[in-house]
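Using our numbering, you'd call the opening residue of the sequence shown number -4 and step up by one each time.
Just so it is clear, CB atoms sit at the ideal spot from N, CA and C, and this is done for glycine as well.
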Amino acid sequence: MDKNTLVGFLLIIGIFIGFFWISQPSAEQLEQRKRYNDSIILVQKEQSKLAEIEAIQQENVSTTVDNVPLDSVVDVNNAFGPFAKFTQGNNELLVLENKKLKIGVDTKVGVIQTVELKEYLTHDKQTLQLMDGSSEKTNFTFVTANNRIVNSEDLYFQPIWTNHGQSLIMRLAFDSISYIDFEYALKEDDYIVSFKITPHNVQHILSKRLTALDMEWATHIPQQELGRKFENRYAAVYFKYFGDKDVEDLKADKNDERTIPNRLHWIASKGQFFSSVLIADDYFMSSTLQSNLEPDTSRYLKSTKATMSVDFDTKGVKSTGFTYYFGPNKYKLFKSYDKGKEESNKWDLDELIPLGWGIFGWVNKILVIPVFNFLEKFIDSYGIIILLLTIFIKLVLLPLTYKSYLSTAKMKVLRPQIEEINAKIPAEKAMERQKATMALYKKVGVSPMGGCLPMMLQMPILFALFTFFPASIELRQESFLWAKDLSTFDAIVSWDTYIPIISTYYGNHISLFCVLMAITNIVYTKLNSDATGSTQQMPGMKYVMYLMPLMFLVFFNEYASGLSYYYFISTLFTILQTYIFRLFIDDEKLLKKLNENKKKPSKKSRFAEKLEQLQKQQLELQKQQRNKK
């Protein structure tokens, strides 16, 4: 690899840094976000509500009987007040069901305890449950008129079916006209469950100072896929700010906790391909979010917990409403939920899908996903779809690929003349040698960067696909050739024994598509180095060039086989293109044309002309200064 190629690699790094810089929010956006976060009116209003609740709780300390065993009617009445009648009842799981969802609501707590996705199975063909009822928790805290603090998780509800079994009311009836309803409605053929809390004539039962409900939502993210380590990278708690498109997440690789004083629109317990999302009709206040890693032996990836407050009207004029989403992380489906909505009311659930930041995300949304969705309308095999997608991308990039190869071919035919320059000018005079080399390039009309820039323009697509395939639920459990599931690794050999270093960094299996990808990259590296002759000029670079395919072998062994398959056939097409280009580009004719360019007067670029003018001005200034002396 010569110095010009090294300069090209440095340029590549520079362009990557440029992509990062371009994708950063502007100063105006940062300032707007700062104003949002520092809103004094918002903070004061919500702190006032929380202060009222805390005052009630402090007052309640001296009147409750938390330390008294609840072994008598007197104790129960003292602890629960008017809610005491709801501490006894029958524990029953009631089912709301449509073609996509099966929801279990427990009469003991009045909330959703189990969620089954009927159209999907786990990697081992078991029922896919987002909630299994063993550790889920949704609790609301009520405060009575005599300052008793009551948790909904301690109460038994009376079920009332409506709308032909598609809606369910869980009721706490104090009498015939005073009650609190937890209302659930399951939409037909959808993953949406609406939920609202509506009080009726309970002003004399609940505290007049109760303007917000404290609530807690705790759940687990279960392992659904074959590769636990890879799946865990995509499992995290996400949240969206109210009135803002901004979506953030807790760290996925370690335990994390965040306290957020700002209003939130929704909170999600997100897996690689499926999510449970709790969306407020208005907003959540003063939220604390937690995410904890589970042991490798657990059937769960992470445990999550969210504590927050929501507005509550004891008069019942306005219900406290929520929407649950239990379903797949599907881009097209998520976008459909925002159709016709005002910008401030959009859910923006598509932000749950990691399609890449900045330009890479736009490439996926504008180019890759539309083409992918178009092809799947006509073709059932996703292996064939990936093949056609590869061909399409290669055709789009063909002019750039040809230009890059042509530049490489020019450098190749000029190699003997470069070697003559190197023979005439010793290595000690590196600057002089470089100047002579650049002069030759200028005479024949060759740009040293001509091969790098076209390739750089292809990088956004390559990186976009790197993020697209692991996040694409369309590939989940879709087989192709020997790969049983294109969304995870295609193990042709696997073992259970832990092998130090190998098991940690490579895994306990061998992915065949990953091996084929590494082999084709080695072949292409060999082909490319022979064409450029870089290893002759810098022999030590030969081993560095072959290091990258070996790194791919380790890095992609845990990745989706669909991604390895794409890179494998993409590199195969690149090798095929290289041989085709060789048929159409005659080295002798190309060299003859370059030599003819030497006879033509070289046309200066605007930059060169400007530089020459500055040099003349500098020389003239120096001459004037000497004359003054």
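Practice problem: With W357 as the anchor, note down where its alpha helix (DSSP H) starts and where it stops. | Solution: 353 to 358
Exercise. Check whether the Cβ atoms of S270 and T214 lie closer than 7 Å to each other.
Key: no
Quiz item: In the structure shown, what three-state DSSP assignment does I496 receive?
Solution: coil
Quiz prompt | Endpoints, the beta strand (DSSP E) within which E211 is located | solution = In the DSSP assignment, E211 falls within the beta strand (DSSP E) that extends over 207 to 217.
Practice problem: Ignore the nearest five residues each way along the sequence and tell me which others in V366's own chain have a CB closer than 8 Å to its CB. | Solution: L384, F387
Quiz item: For the candidate residues F75, N196, I580, whose alpha-carbon lies nearest to that of K407?
Solution: I580
Quiz item: Of the choices A431, K419, K224, whose alpha-carbon is the least far from that of A555?
Solution: K224
Quiz item: Does DSSP put Q121 in a helix, a strand or coil?
Solution: Of the three classes helix, strand and coil, the one that applies to Q121 here is coil, per DSSP.
Exercise. Consult DSSP for P256 and reduce its assignment to one of helix, strand or coil.
Key: coil
Self-check item: Residue ranges of each alpha helix (DSSP H) within the stretch 398 to 430, 4 or longer
Solution: 410 to 419
Practice problem: Specify, as a first and last residue, the run of the alpha helix (DSSP H) that F169 falls within. | Solution: Note, F169: premise wrong, no alpha helix (DSSP H); not H, not E.
Quiz prompt | Entirely enclosed beta strand (DSSP E) segments - the stretch 84 to 147, minimum 3 residues | solution = Residue ranges of uninterrupted beta strand (DSSP E) with 3 or more members, entirely inside the stretch 84 to 147 and ordered along the chain, are 88 to 92, 96 to 101, 107 to 116, 122 to 127, 132 to 138, 144 to 146.
Quiz item: Given L558, which residues of its chain have a CB within under 8 Å of its CB, disregarding the five upstream and five downstream residues?
Solution: L460, F461, F464, P465, F551
Exercise. Report yes if the C-beta distance between S171 and N196 is below 7 Å; otherwise report no.
Key: Result no, Cβ atoms of S171 and N196 do not sit closer than 7 Å.
Quiz item: Does DSSP classify G557 as helix, strand or coil?
Solution: helix
Quiz item: Just how far apart, CA to CA, sit N417 and L370?
Solution: 53 Å
Quiz item: If you check the beta carbons only, do E211 and T302 fall under 7 Å apart?
Solution: yes
Self-check item: Among Y560, K240, G353, the one whose alpha carbon lies nearest that of I380
Solution: Y560
Quiz item: Hey, out of F268, W352, N340, whose CA is closest to K325's CA?
Solution: F268
Quiz prompt | Rounded separation between Q198 and K372 - CA only | solution = Approximately 56 Å, taken between the alpha carbons.
Exercise. Please report the residue range of the alpha helix (DSSP H) in which P365 lies.
Key: Run containing P365: 364 to 371, per the alpha helix (DSSP H) assignment.
Quiz item: With 16 as the cutoff for other CB atoms within 10 Å, does S147 come out buried or exposed?
Solution: buried
Practice problem: Using a threshold of 7 Å, state whether the C-beta atoms of I216 and A207 are closer than that. | Solution: no
Practice problem: Measuring alpha carbon to alpha carbon, tell me which of M543, T432, V510, D582 ends up nearest K521. | Solution: M543
Self-check item: is_contact[R228, chain D] using C-beta, thresh 7 Å
Solution: This model lacks chain D altogether; it includes just one protein chain.
Quiz prompt | Burial state of H159, where buried means 16 or more other Cβ atoms lie within 10 Å | solution = exposed
Self-check item: Of the listed residues V272, Y397, S314, nearest to V299 (C-alpha basis)
Solution: One detail in the question is off: residue 299 reads as Thr in this sequence, not Val. Selected option, being the one with the closest Cα: V272.
Quiz item: What three-state label does DSSP hand Y627 in the structure shown?
Solution: Residue 627 lies beyond the stretch modelled for the chain, which goes from -4 to 624, so this question has no answer here.
Practice problem: Grab the span of the beta strand (DSSP E) containing Y236 for me, first residue to last. | Solution: 231 to 236
Quiz item: When DSSP labels each residue in this structure, what does S293 get in the three-state scheme?
Solution: In this structure, S293 counts as coil in the three-state DSSP scheme.
Practice problem: State the start and end residues of the unbroken beta strand (DSSP E) segment that holds L273. | Solution: DSSP places L273 inside the beta strand (DSSP E), whose first and last residues are 269 to 288.
Exercise. With DSSP as the reference, label P544 as helix, strand or coil.
Key: helix
Exercise. Can you check DSSP and say which residues form a bridge with K341?
Key: BP columns for K341 are empty, so no partner.
Quiz item: Name the DSSP bridge partner or partners of V242?
Solution: K235
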